Structure formats: structure tokens, C-alpha cells
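Student: Dropping the structure in here first, questions after.
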Amino acid sequence: MNKYIYSVGIHKEGGLNVLKKFIAINNEDIYYFLDDRVKNKIIIKNSEYVSENIITRLIHLFLLSFKLNKKDHIIFLNGLPPIFNFKSNISVIFQNANLFIEFYKINFFKWFFSKDSLRYLFFWIGKKNVNNWYVFSPTANKILSVYIKKYINIKTIDIFHEYKSVNNINLQEIKYDFIYPASLMEHKNHKMLINTLISLSKKKIFPKVVFTLNPDDLNKIDFENIKKKYSLKLFNYFEPDQKKFLNIYKKCRSLLYISLNETIGLPIIEAYKYGLFIIAPKLEYSNQFIKPDIMFNIKSEDELSSIIEKCLKSNFKIKKQLNQIIKLKNSISLNEFINKII
505 MNKYIYSVGI HKEGGLNVLK KFIAINNEDI YYFLDDRVKN KIIIKNSEYV SENIITRLIH
565 LFLLSFKLNK KDHIIFLNGL PPIFNFKSNI SVIFQNANLF IEFYKINFFK WFFSKDSLRY
625 LFFWIGKKNV NNWYVFSPTA NKILSVYIKK YINIKTIDIF HEYKSVNNIN LQEIKYDFIY
685 PASLMEHKNH KMLINTLISL SKKKIFPKVV FTLNPDDLNK IDFENIKKKY SLKLFNYFEP
745 DQKKFLNIYK KCRSLLYISL NETIGLPIIE AYKYGLFIIA PKLEYSNQFI KPDIMFNIKS
805 EDELSSIIEK CLKSNFKIKK QLNQIIKLKN SISLNEFINK II
């Protein structure tokens, strides 16, 4: 039996981090199909790079469907089932719920003219070809079960149970009050945070807040002009290298996470690891792995403003929760998945 992992489409952020976790298990029996945009980021022996061009990808998948045998097993780590019938066993690790407009509740036309609508079409065409479905979180399990009702048992791979808090914060390193690590996708809700900071500035309260936007996204929100106009203490830290990026947490007191929808909410786990005070919305994804120190109404800028003010006035001397990673029920570890199930 030959084993394959198909990760074309994965080249940045959370997806890339998950891919690296798979590779770190170091199972040499697995052959990887990698996105060609990770050529300089991931180099492993048993692999080949595939162009992200949609036509090239479809042709590659079509030819691959004839190459694999019944005893072979291919895992689609990119979250999308293949639109072609494969003779082999097919597993899909679902992780991109943003393809469902009902979940992200974004403007229909923005969604329709985005890549997510095309992914949505591929999902509906290909879901009948899948033998096994896997997810990384209870939230993803709940979402997926709505769209593949004939599958009762969606298995969860627990990739976070091994995380431990470092609990050795060096206060001399702290430079910022809050960090919001997120791209400028609509559901990331940067507008709410900016409006809240502007409101606080009118009360002469200026928390030091770090964004993590790329240069193009900074221009889209008029970052520098907003800072100047309201005298905001806004900073930006953009670092594509994930290992280097994680060091920014050591310089922050608190994670301020305000995303409207997530399947995982990885920054919450990362902030826990680095011992940050965690503020997140009262949404299902926020406490599926740990319990944040403070949870707030995502629709209330006033409540968010009050929480920020309270944290600053008390110098974050608010009683922290006894945070710990929750072991997910009916789940398997990543090591077990790779070495026993694949």
C-alpha cells in the first residue's frame, strides 16, 4: 500500500503550520504532493511540487486518479475532496469552513467572486468520493456534519493536547499591551478593534496594540493615517517565517482576539503557550481547547472598550483562569493518525 498526502493549496499561516506538524512525525512511507509556493520553505525527499494554477492542479489530479491503486491511501490535507473518482481510499482533513457563506456570513457578491465560491463548488462535486473525514476541532466537526449528513462519525485529530504553557514571561521584554495576530479577511473584524481604539483615544487611553498585517493590507486600512489622526499607539509586525513570528508573543501582555468565526482559532493556543492573558469573544471556537481569561460580546464595542480599560488600569492584575489544554473526547493524536490509520 502506498500512502500519499496532498497539500497543494497550503502555503501559509495555519495550514502551513499543520503541514509541518505532519512532516515532523517523519514517516518515510508517506509521499507528499506539495504546493510549489513552499519550495523554499519545505524540502523533503519523498515529495513533488505541484503548481497552484487551477488548471494545472485539475490536470494533475485527473492523472493521479488513474495512477493510484485500490490499496493506496491518499489524504487531502488541503481540506477539499477531489472532484474525480479515485480507485484508492480517500480521506479528507476538513479545515476551511470559510468556503461556506452560511458560516462566515459575508456579503454574497464578495463571496461569489472569491476563490471560496469555487472551493464550495468543488466540495459539493467531490464529497461523494470521500471514504473518511477528519477535522482538527469540535467546531469544524459541527460545521462539516451539516454538509455531509450521511457521515455520522467524523473523526477529530487532536494536534494541540501536547501544548504546554512556558510560564516564564520576562517582564523586561514586554513592549506591547495587546496583540491581534490576524490577516485582513473580512471575518477577522479589524474594524471593530480600530473603532474601539478610537473611542478609547477620546478618553485619553492609548493601549499599545500590535497588528500582524502585510504591507498591502496596511494600506487598505489606511494604517498610518489612522494612527496619526487619533494618536493611536498602533504597531505592526509582519513576519512570514512562523518560527520568527512566534517570538512577538514574548513582547506582549495579552492576546486580544476578535474574529467573528474560526474553526480552530490558533492564536489562542499560541498565546496560551507563551503565557499571555487571553481575551476572546463568547463564541464556540474560543473555548474549545482552553478557557480564555476574559470573554466578551463580539457585537459590543462598549464591552470590549471596558475590558481593555480595566486591563490597563489594573496592569493586567485580573485573576487569570487556570488555563489548560482540554483533551478532546473521541479524538486521536496526530502520531496515531499518521502511524496507525494512514
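Take 505 as the starting number for the sequence shown in the working numbering and just add one per residue.
Ideal placement from N, C-alpha and C gives every residue a C-beta, glycine not left out.
The structure displayed is predicted, hence computed values, not measured ones.
Compare the Cα-Cα distances from Asn-657 to each of Thr-643, Leu-675, Tyr-638 and report the closest residue.
Tutor: Reading the sequence shown from its first residue, position 153 is the one you call residue 657. Selected option, being the one with the closest Cα: Tyr-638.
Student: Can you tell me the Cα-Cα spacing of Val-554 and Phe-800, whole angstroms?
Tutor: On the sequence shown, residue 554 is found 50 positions in, with the first residue counted as 1. On the sequence shown, residue 800 is found 296 positions in, with the first residue counted as 1. Using only the alpha carbons, I get a separation of about 43 Å.
Student: Would you tell me roughly how many angstroms separate the C-alpha atoms of His-577 and Leu-722, rounded to the nearest one?
Tutor: Here residue 577 corresponds to residue number 73 of the sequence shown, with the count starting at 1. Here residue 722 corresponds to residue number 218 of the sequence shown, with the count starting at 1. So the two alpha carbons sit approximately 43 Å from each other.
Student: Could you tell me how far apart the beta carbons of Asn-582 and Val-512 are, in whole angstroms, since I believe they sit closer than 8 Å?
Tutor: Within the sequence shown, residue 582 is the residue found at index 78, counting from 1. Within the sequence shown, residue 512 is the residue found at index 8, counting from 1. That belief holds up - the Cβ atoms of Asn-582 and Val-512 are roughly 6 Å apart, short of 8 Å.
Student: Using the beta-carbon count (16 or more within 10 Å), is Phe-715 buried or exposed?
Tutor: Your numbering for residue 715 matches position 211 in the sequence shown. Phe-715 should be labelled buried.
Student: So, Ile-587 versus Phe-626, is the Cβ gap smaller than 9 Å?
Tutor: As a working mapping, residue 587 is identified with position 83 in the sequence shown. As a working mapping, residue 626 is identified with position 122 in the sequence shown. In contact: Ile-587 and Phe-626 (Cβ atoms closer than 9 Å).
Student: Tell me whether the stretch 612 to 629 and the stretch 770 to 782 touch, counting them as touching only if at least three CB pairs, one residue from each stretch, are closer than 8 Å.
Tutor: The stretch 612 to 629, when compared against the stretch 770 to 782, does not touch it at the 8 Å Cβ threshold.
Student: When the Cα atoms are used, what is the spatial distance from Asn-791 to Lys-747?
Tutor: Along the sequence shown, one-based indexing puts residue 791 at 287. Along the sequence shown, one-based indexing puts residue 747 at 243. Between Asn-791 and Lys-747, the C-alpha separation is close to 25 Å.
Student: Ordered along the chain, which non-local residues of its own chain (more than five positions away) have a Cβ less than 8 Å from that of Asn-740?
Tutor: Translated into positions along the sequence shown, residue 740 becomes position 236. Excluding residues within five positions, the ones whose Cβ falls inside 8 Å are Val-714, Phe-715, Thr-716, Leu-717, Leu-722, Phe-727.
Student: Which residues in the same chain have their Cβ closer than 6 Å to the Cβ of Ala-686, if we skip the five residues on either side of it in sequence?
Tutor: Within the sequence shown, numbered from 1, the residue matching residue 686 stands at position 182. Excluding sequence neighbours, Ala-686 sits near Lys-692.
Student: Going by Cα to Cα distance, which pick from Lys-737, Leu-832, Lys-543, Glu-677 is closest to Asn-645?
Tutor: Translated into positions along the sequence shown, residue 645 becomes position 141. For the residues Lys-737, Leu-832, Lys-543, Glu-677, the minimum Cα distance to Asn-645 belongs to Leu-832.
Student: Under 8 Å: do the stretch 793 to 809 and the stretch 672 to 683 share three or more Cβ pairs, one atom per stretch?
Tutor: The stretch 793 to 809, when compared against the stretch 672 to 683, does not touch it at the 8 Å Cβ threshold.
Student: Measuring only the C-alpha atoms, how far is Ile-548 from Lys-707?
Tutor: On the sequence shown, residue 548 is found 44 positions in, with the first residue counted as 1. On the sequence shown, residue 707 is found 203 positions in, with the first residue counted as 1. Rounded to whole angstroms, Ile-548 to Lys-707 spans 54 Å at the Cα level.
Student: To the nearest angstrom, report how far apart Lys-803 and Lys-695 are at their CA atoms.
Tutor: One-based indexing of the sequence shown puts residue 803 at position 299. One-based indexing of the sequence shown puts residue 695 at position 191. Answer to the nearest angstrom: the Cα atoms are 12 Å apart.
Student: Taking the straight line between their C-alpha atoms, what separation do you get for Leu-675 and Asn-600?
Tutor: Locating residue 675 in the sequence shown gives position 171, where the first residue counts as 1. Locating residue 600 in the sequence shown gives position 96, where the first residue counts as 1. One C-alpha to the other measures close to 37 Å.
Student: To the nearest angstrom, report how far apart Asn-531 and Lys-507 are at their CA atoms.
Tutor: Stepping through the sequence shown from its first residue, residue 531 is reached at position 27. Stepping through the sequence shown from its first residue, residue 507 is reached at position 3. Straight-line Cα distance between these residues: approximately 10 Å.
Student: Does the distance from the CB of Lys-631 to the CB of Tyr-651 come in under 9 Å?
Tutor: On the sequence shown, residue 631 is found 127 positions in, with the first residue counted as 1. On the sequence shown, residue 651 is found 147 positions in, with the first residue counted as 1. Yes, these two residues count as a Cβ contact at 9 Å.
Student: Where does Pro-744 land, buried or exposed, given buried means 16+ other C-beta within 10 angstroms?
Tutor: Taking the first residue of the sequence shown as position 1, residue 744 is located at position 240. The residue is exposed, with fewer than 16 neighbouring Cβ atoms inside 10 Å.
Student: Excluding the five sequence neighbours on either side, which residues of its own chain have a C-beta within less than 7 Å of the C-beta of Asn-839, listed in chain order?
Tutor: Translated into positions along the sequence shown, residue 839 becomes position 335. Ile-529, listed in sequence order.
Student: Starting from Pro-719 and walking both ways along the alpha helix (DSSP H), at which residues does that stretch end?
Tutor: Taking the first residue of the sequence shown as 1, we reach residue 719 at position 215. Its alpha helix (DSSP H) spans residues 719 to 724.
Student: Under DSSP, the beta strand (DSSP E) around Met-799 begins and ends at which residues?
Tutor: The sequence position of residue 799 within the sequence shown is 295, counting from 1. Where Met-799 is concerned, the enclosing beta strand (DSSP E) stretches over 798 to 800.
Student: Relative to the C-alpha of Lys-653, which candidate in Trp-628, Glu-677, Ser-641, Phe-664 has its C-alpha closest?
Tutor: Taking the sequence shown and counting its residues from 1, one reaches residue 653 at position 149. That would be Trp-628, whose Cα lies nearest to the Cα of Lys-653.
Student: Suppose contacts are defined by Cβ-Cβ distances below 9 Å. Is Phe-710 in contact with Leu-750 by that definition?
Tutor: Here residue 710 refers to the residue found at position 206 when the sequence shown is read from its first residue. Here residue 750 refers to the residue found at position 246 when the sequence shown is read from its first residue. Against a cut-off of 9 Å, the Cβ pair of Leu-750 and Phe-710 comes out as no contact.
Student: Check Ala-644 in the structure and name its three-state DSSP category.
Tutor: Along the sequence shown, read from residue 1 onward, the residue named residue 644 stands at position 140. It is helical.
Student: Please report the residue range of the alpha helix (DSSP H) in which Ala-528 lies.
Tutor: For the purposes of this step, residue 528 is identified with residue 24 of the sequence shown, where counting begins at 1. Unbroken alpha helix (DSSP H) run through Ala-528: 517 to 528.
Student: Gln-497 to Phe-598, Cα distance in whole Å?
Tutor: It is not possible to answer for residue 497, since the shown part of the chain is limited to 505 through 846.
Student: Ser-592 to Leu-520, Cα distance in whole Å?
Tutor: Position 88 of the sequence shown, counting from 1, holds the residue named residue 592. Position 16 of the sequence shown, counting from 1, holds the residue named residue 520. Using only the alpha carbons, I get a separation of about 25 Å.
Student: Contact defined as beta carbons within less than 8 Å: I believe Asn-636 pairs with Ser-595. What is the distance between those atoms, to the nearest angstrom?
Tutor: Position 132 of the sequence shown holds residue 636. Position 91 of the sequence shown holds residue 595. Contact holds; Cβ gap of about 4 Å.
Student: Leaving out five residues on either side along the sequence, give the residues of the same chain with a beta carbon under 6 Å from the beta carbon of Pro-642.
Tutor: For the purposes of this step, residue 642 is taken as the residue at position 138 of the sequence shown. The residues are Gln-792.
Student: Could you pull the DSSP bridge partners for Glu-552 from this structure?
Tutor: Translated into the one-based positions of the sequence shown, residue 552 becomes position 48. Answer by DSSP bridge pairing, in chain order: Phe-537.
Student: Starting from the N-terminal side, write out each stretch of the beta strand (DSSP E) that is 3 residues or longer and does not extend beyond the stretch 715 to 779.
Tutor: Counting only runs of 3 or more, we get 738 to 740, 756 to 760.
Student: Identify which residue in Arg-757, Phe-664, Lys-733, Phe-616 has its Cα closest to the Cα of Lys-679.
Tutor: As a first step, residue 679 must be located in the sequence shown, where it is residue number 175. Ranking the options by Cα distance to Lys-679, first place goes to Arg-757.
Student: Are the Cβ atoms of Phe-640 and Ile-768 separated by less than 9 Å?
Tutor: The residue labelled residue 640 in the question sits at position 136 within the sequence shown. The residue labelled residue 768 in the question sits at position 264 within the sequence shown. Going by C-beta atoms, Phe-640 is nearer than 9 Å to Ile-768.
Student: Assuming Pro-796 contacts Ile-762 (C-beta within less than 8 Å), just tell me the rounded distance between them.
Tutor: As a first step, residue 796 is located in the sequence shown; it is residue number 292 there, counting from the start. As a first step, residue 762 is located in the sequence shown; it is residue number 258 there, counting from the start. With a Cβ gap of about 12 Å, Pro-796 and Ile-762 do not count as contacting.
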